[in-house]
Amino acid sequence: MSALPDEFIREIETIVGASGIVRDAERMQSYLSDWRNAYRGKAALVVRPASTDEVAAVVRLCNEHQVALVPQGGNTGLCGGSIPDGSGTQVVLSLTRMTRIREVDPANETITVEAGVVLQMLQEAAVKVGRLFPLSLGAEGSCTVGGNLATNAGGTAVLRYGNMRDLALGLEVVLPDGQIWNGLRGLRKDNTGYDLKHLFIGSEGTLGIITAAVLKLYPAVRSVTTAWVALPSAQAAVELIGLIRGLCGDRLTGFELMSRQSVEFVLRHVAGCNDPFTEVHPWYALIELSDTQPEAPLNDLLEAGIGEALEREWVIDAVLASSEAQVAALWAMRESISEAQNHEGPSLKHDISVPVSRIPEFIETTDQRLLAQFPGVRIVAYGHVGDGNLHYNISKPIGSEDAAFKAQQEAIMRVIYDAAVSFKGSISAEHGLGQAKRAAALRYKDPLELELMRALKATFDPKGLMNPGKVL
Ligand code: FAD
Ligand code: 2HG
Ligand code: ZN
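To convert, note that position 443 of the sequence shown is 442 in numbering that gives the first Met the number 0; the numbers rise steadily by one, no gaps.
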């Protein structure tokens, strides 16, 4: 039984057709919990519109009936932003049927896509016209452009190309009252007042529904070199980034740091992953150089950089991938950390950022504080160190009760966020706040910033129907 009147549901069905509604309890399940099963909610209905007009009509109707909406894309978000609350009164609005690539304009280096296009499909569409769409992340086979925009996703190529905000030129958005804002402009220069698209990017579905976007394309990459290096410390990683960037400039497109604990989880749980070294090392980095020239001397450049780093003792050992299969294997090790950590029981995920220069100090002091207060917790630190963004994740102590670990979660988070903020950092660099970090944002964000955010929310969504309980 749905919490909504039959008449309302019939009207929704008139808009989206029978195939655009999910009411059956079993079929609804995949929309009601996240990838890790860390968040679980209930919904009155799941609605799957197939066009912007259908989205607008559904949103208008919900507005009239004061029904709250939870936008959802691929449901790969890591902080519960796409999961409804437990009331059973909210409607999940899934954008996954909006999968059209509306226009490709190689001369303008742009592509216009609908919100439900899966990131990997977008990357492939760019390749077809000899271009690159550079956003890249572990969930790219299922996350959607709408979700990437709504969370301002980052990933592994931010170092060179920026995050989703930097890749978007225009948006189409259905506002909370059902009006359609057509901001689908493919312009790199447009100074005609407030840049509204930036309000919706990163707003996690709390200001409106993103239905389409004009995104930037880049020249195709024609040569790539990838190395896996062992490092004595996180400080060495920071030195190494400076060295490689100095030598290679923008050819440095990826620099991912991983602690031994992270790699050990992958080796233990993910089939086909093997340690490239025979010795055990405290830290590792995955380094990628790329270029638009097919014969760019990337191997020579990277070898020169690593050679110098070996002399300076910033690198202990290194392997350069010599085939596409090896490149894929090295990236698989990095991208499997999330999955591997799931096998070790409950964990706490973080995506803090601090200035790159302060990463080593952050790790050292936070490790010490945590291990002193919560003996046995396993610190799984890795991430986009070139962006100052660490996934400083915590797995429960071996053999401990799940409930005991869960009871400590608030206190553990407090230690980590206090440290990030004390190093002039952020409690969320790329995953957003969702429901997970809402309370923390209230604690750590500047009160004036929160007041301005509330004022914007009230202007766009006076009835508070867009993803309530998230962000603010
Ligand atoms: P969802 O999870 O469905 O939604 C996320 C948020 O956006 C929710 O608040 C939802 O309400 C809102 N939303 C979704 N679609 C719309 C829309 N059309 N209009 C308005 N609001 C909308 N993130 C990174 O930044 N970097 C990474 O490296 C990274 N790696 C990941 C690796 C794995 C294995 C996994 C599982 C996740 C990873 N993520 C990463 C997190 C996640 O994949 C990204 O945040 C992704 O961008 C979310 O897209 P989605 O379509 O799944 O969104
Ligand atoms: C990554 O960089 C993702 O792999 C996921 O942002 C991080 O699972 C995580 O904590
Ligand atoms: Zn990440």
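Where is the CB? At the ideal position from N, CA and C, for every residue including glycine.
No experiment lies behind these values; they were computed from the predicted model shown.
Check, Outcome
"Cα-Cα separation between L329 and Y30, rounded to whole angstroms", "32 Å"
"DSSP-derived helix/strand/coil call for S232", "coil"
"Reduced DSSP category for M257 - H, G, I as helix; E, B as strand; rest coil", "strand"
"Residues whose Cβ lies closer than 7 Å to any heavy atom of ligand 3, in chain order", "L136, G153, G154, D350, G382, H383, N388, H390, E429"
"Proximity to S50 [Cα-Cα], best of M257, G16, H390", "G16"
"Cβ shell of T98 (< 8 Å), same chain only, five flanking positions each side left out", "E113, G115, V116, V117, M120"
"Reduced DSSP category for A328 - H, G, I as helix; E, B as strand; rest coil", "helix"
"Contact check, V213 vs G185, beta carbons under 8 Å", "yes"
"Proximal residues to A55 (C-beta, below 6 Å), its chain only, five neighbours per side dropped", "V173, G177, I179"
"Bridge partners - I378, DSSP secondary structure assignment", "I393"
"Contact under 8 Å by Cβ, K509 with C78", "Here the chain comprises residues numbered 0 to 471, so residue 509 is not present and cannot be evaluated."
"Three-state secondary structure assigned by DSSP to A124", "helix"
"Every unbroken alpha helix (DSSP H) inside the stretch 391-437 [4 residues or more]", "401-406, 408-421"
"Near ligand 1: P70 beta-carbon under 7 Å from a heavy atom", "yes"
"Complete runs of the beta strand (DSSP E) confined to the stretch 265-310 [at least 3 residues]", "282-290"
"Separation of S356 from D316, as counted between CA atoms", "23 Å"
"Nearest to V144 (by Cα), restricted to the options R130, K127, G169", "G169"
"D52 (DSSP reduced to helix, strand or coil)", "helix"
"Which listed residue (G382, G431, L3, P374) has its alpha carbon closest to that of V45", "L3"
"R159, DSSP secondary structure in three states", "helix"
"Helix, strand or coil at D350 according to DSSP, with G and I counted as helix", "strand"
"E123 classed as buried or exposed, judged by whether at least 16 other C-beta atoms fall within 10 angstroms", "exposed"
"Environment of P70 [buried if 16+ CB atoms lie within 10 Å]", "buried"
"Proximity of A477 and I411 at Cβ, strictly below 8 Å", "As displayed, the chain neither begins before 0 nor continues past 471, which places residue 477 out of reach and without an answer."
"Closer than 7 Å: S337 CB and nearest ligand 2 heavy atom", "yes"
"CA-to-CA distance, I209 to T95, given in whole angstroms", "12 Å"
"Neighbour-count burial assignment, L447, 16 or more Cβ in a 10 Å radius", "exposed"
"Check: K348 C-beta below 7 Å from any heavy atom of ligand 2", "yes"
"Given G387 as reference, the closest of G424, R333, R377 once Cα atoms are compared", "G424"
"Heavy atom of ligand 1 within 7 Å of E203 beta-carbon", "yes"
"heavy atom of ligand 2 below 7 Å from N392 C-beta", "yes"
"Contact test: L77 Cβ vs ligand 2 heavy atom, cutoff 7 Å", "yes"
"Sheet register partners of D104 (DSSP bridge)", "T109"
"Check whether V103 and V128 have beta carbons under 8 Å apart", "yes"
"Whole-angstrom C-beta distance between A284 and V228, which should lie under 8 Å", "5 Å"
"Three-state secondary structure (DSSP) of G16", "coil"
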